[in-house]
């Protein structure tokens with residue numbers, strides 16, 4: 001009989017049994033300040049500036065991943081060999097803790113602080129308060145699972161792979177919370193079709209799951225193309241990066257920044273302590289941006305911060321796919337036109353940014369690895385499982401990379417820059 | 429993107445031989461340079477042969493499809509990359525394009541070029557483990573298991589690491 005229930009917008013009831021030691025450990029972990037911090041870290045960074053509903057947290061996602069990981073393990077146990085209890089504990093706890101090291105605004109902060117969240121995750125998991133709950137052996141296994149190498153057990157693929165509980169949860173969660181409608185797929189059927197292959201050290205999908213996997217990979221493609229790589233979301237991320245570039249420039253020149261000294265240290269590229277890192281959350285960053293916005297020391301820092309707070313975002317004066325063959329000179333000369341314009345603008349380097357996103361929705365192989373975690377194998381009725389893109393035309397189409405190229409400029413210069421670009425086209 | 433792609437093309441053009449032999453060598457070269465503080469934006473993750481960047485792979489393929497780079501597969505199955513005329517002309521025509529970026533000097537590229545791919549693979553993997561929060565001691569312990577066939581290059585890898593750090597320090601002092 002479940003004594004604790006969490007109601008979740010994606011998975012509905014998530015139960016925790018009073019009699020189950022693992023469930024009680026999970027609840028204990030959830031109560032830790034280290035995990036509670038994730039309530040204050042938005043799952044999708046600046047995406048709520050485009051999709052206002054997308055204010056959900058890393059905390060709700062972490063619980064969702066843990067729940068999906070439990071379901072995956074249940075199905076694998078029912079369809080294959082029993083999985084030892086210690087392994088189950090390691091996978092489920094890893095699922096709950098996998099994002100514990102995320103900084104404010106999730107991935108945006110990684111670029112600014114030039115530190116990887118998985119490194120912080122490992123440090124936090126090994127800190128006294130968390131590791132004392134887990135015990136030394138489990139702590140070590142979780143650290144291995146969230147930062148795996150190809151030699152780590154296939155059970156780590158439940159945490160990180162093309163078929164991981166992380167992606168299973170975030171696609172559905174972000175789909176619901178953004179309201180975008182691109183990311184829906186049939187999770188229940190995929191879970192039903194998952195199989196383990198310990199000999200090959202990988203997860204596989206039974207032949208009945210092929211069509212559902214097609215839907216899942218297409219959902220991933222659409223969510224990346226339409227939500228995560230949305231030009232306005234990227235514009236906000238670019239501005240966030242530019243603000244910290246400016247802060248770095250100022251601190252390198254000996255200026256002191258307003259607000260919490262931790263942001264001066266981050267701006268300078270200095271390492272920060274684990275204790276300081278755990279003080280960081282989205283609110284703390286909005287707070288310092290607000291201080292910088294009203295600060296008098298530097299007009300550029302003040303203007304950029306104010307613009308981001310008030311959603312006066314950079315404009316994409318160029319926004320086009322780079323999938324097809326194009327003459328590199330077109331890109332280059334256009335880039336230089338804009339670059340030359342901003343050279344004449346005071347502090348112009350901080351007011352524009354070129355950016356390209358390249359993505360391959362599904363990678364059946366990599367030149368570096370014959371059996372990467374990005375491959376999905378479908379079991380066949382006769383013989384060896386096959387890599388899915390060899391048997392599915394829609395998935396074969398998703399193995400090609402696509403790119404989106406943008407040049408973002410400060411809104412107050414956007415019209416002039418567009419004119420300059422048109423002038424160039426007229427001359428042609 | 430223009431900058432990212434051209435930085436890769438420039439690294440290839442900086443090689444004594446004018447070419448880079450092997451996708452593994454290209455991947456490890458860029459990762460090692462990035463670790464030493466040069467401006468490369470590609471994200472790396474851990475695959476069978478150590479750190480690998482899918483973005484770098486995609487960018488390279490696109491440079492090939494745009495005739496900036498030439499890609500040839502040798503009889504041994506190795507991919508060789510050289511600059512096409514169009515790529516050279518592009519770099520010559522727009523010298524300002526890469527201004528402001530911290531790019532590796534020729535001497536750093538040449539140091540890397542002088543070593544076997546196995547040395548680069550070991551050093552790049554060592555760097556990756558450090559970036560993932562491992563101590564130096566633990567990184568070498570893990571390398572014994574992860575790279576049993578490459579661990580014989582440990583001395584050479586450490587020598588290369590020292591050499592690159594010296595080049596970076598001299599470069600920073602020069603600036």
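Chains as they are written, first to last, in our numbering: chain A, 1 to 428; chain B, 429 to 603.
Ideal placement from N, C-alpha and C gives every residue a C-beta, glycine not left out.
- Residue range 352-359 is occupied by the beta strand (DSSP E) that includes residue 356 of chain A.
- Contacts with chain B at 8 Å (Cβ-Cβ) include residue 336 of chain A.
- When DSSP states are grouped into helix, strand and coil, residue 179 of chain A belongs to the coil group.
- Nearest C-alpha to residue 387 of chain A among A:375, A:393 and A:397: A:375.
- When C-alpha distances from residue 56 of chain A are compared across A:132, A:147, A:205 and A:169, the shortest belongs to A:169.
- The C-beta of residue 201 of chain A comes no closer than 8 Å to any C-beta of chain B.
- Residue 89 of chain A is a Cβ neighbour of residue 22 of chain A, given a cutoff of 8 Å.
- It is roughly 35 Å from the alpha-carbon of residue 317 of chain A to the alpha-carbon of residue 101 of chain A.
- In terms of Cα proximity to residue 80 of chain A, the closest of A:355, A:180, A:206 and A:390 is A:206.
- A Cβ-Cβ contact shorter than 8 Å links residue 243 of chain A with residue 304 of chain A.
- Where residue 559 of chain B is concerned, the enclosing alpha helix (DSSP H) starts and stops at 545-559.
- Rounded to the nearest whole angstrom, the CA to CA distance from residue 8 of chain A to residue 178 of chain A is 15 Å.
- Residue 588 of chain B carries a helical assignment under DSSP once its states are collapsed to helix, strand and coil.
- Beta-bridge annotation (DSSP): residue 14 of chain A is paired with A:6.
- For residue 196 of chain A, there is no enclosing alpha helix (DSSP H); the residue is part of the beta strand (DSSP E) that begins and ends at 194-197.
- The beta carbon of residue 401 of chain A falls within 8 Å of a beta carbon belonging to chain B, placing the residue at that interface.
- Taking 8 Å as the upper bound for CB-CB distance, residue 58 of chain A and residue 43 of chain A are in contact here, some 5 Å apart.
- Excluding its 5 nearest sequence neighbours in each direction, residue 348 of chain A has C-beta neighbours in its own chain below 8 Å: 341 and 342, listed in chain order.
- Between the C-alpha atoms of residue 35 of chain A and residue 298 of chain A there is a straight-line separation of about 36 Å.
- Looking at the DSSP output, residue 315 of chain A bridges to A:409.
- Positions of the beta strand (DSSP E) runs, each at least 3 residues long and wholly inside the region 496-524 of chain B, are given as 497-501 and 507-511 in order along the chain.
- Contact with chain B is absent for residue 253 of chain A, since none of that chain's Cβ atoms lies less than 8 Å from the residue's Cβ.
- Cα atoms of residue 71 of chain A and residue 124 of chain A: separation of roughly 26 Å, rounded to the nearest angstrom.
- Comparing alpha-carbon positions, the option among B:537, B:556, B:469 and B:496 lying closest to residue 476 of chain B turns out to be B:556.
- Between the region 529-543 of chain B and the region 480-488 of chain B there are fewer than three C-beta pairs closer than 8 Å, too few to call the two in contact.
- For residue 560 of chain B, the C-beta contacts it makes with chain A under 8 Å involve 116, 118, 119, 122 and 147, in order along the chain.
- According to the DSSP assignment, residue 258 of chain A belongs to no beta strand (DSSP E), since it is labelled neither H nor E.
- Membership of residue 205 of chain A in the beta strand (DSSP E) is indicated by the continuous run 202-205.
- Using a Cβ distance threshold of 8 Å, residue 550 of chain B and residue 571 of chain B count as a contacting pair.
- For the C-beta of residue 585 of chain B, not a single chain A residue is nearer than 7 Å; the gap to the nearest is close to 18 Å.
- For the 8 Å CB-CB criterion, residue 288 of chain A and residue 260 of chain A form a contact.
- Residue 245 of chain A and residue 5 of chain A have their C-alpha atoms spaced approximately 45 Å apart.
- Here residue 78 of chain A is actually not in contact with residue 431 of chain B; their C-beta atoms are around 52 Å apart, not less than 8 Å.
- Proximity of chain A to residue 524 of chain B at the Cβ level (cut-off 8 Å) is accounted for by 336 and 339, in chain order.
- Residue pairing by DSSP leaves residue 89 of chain A without any beta bridge partner.
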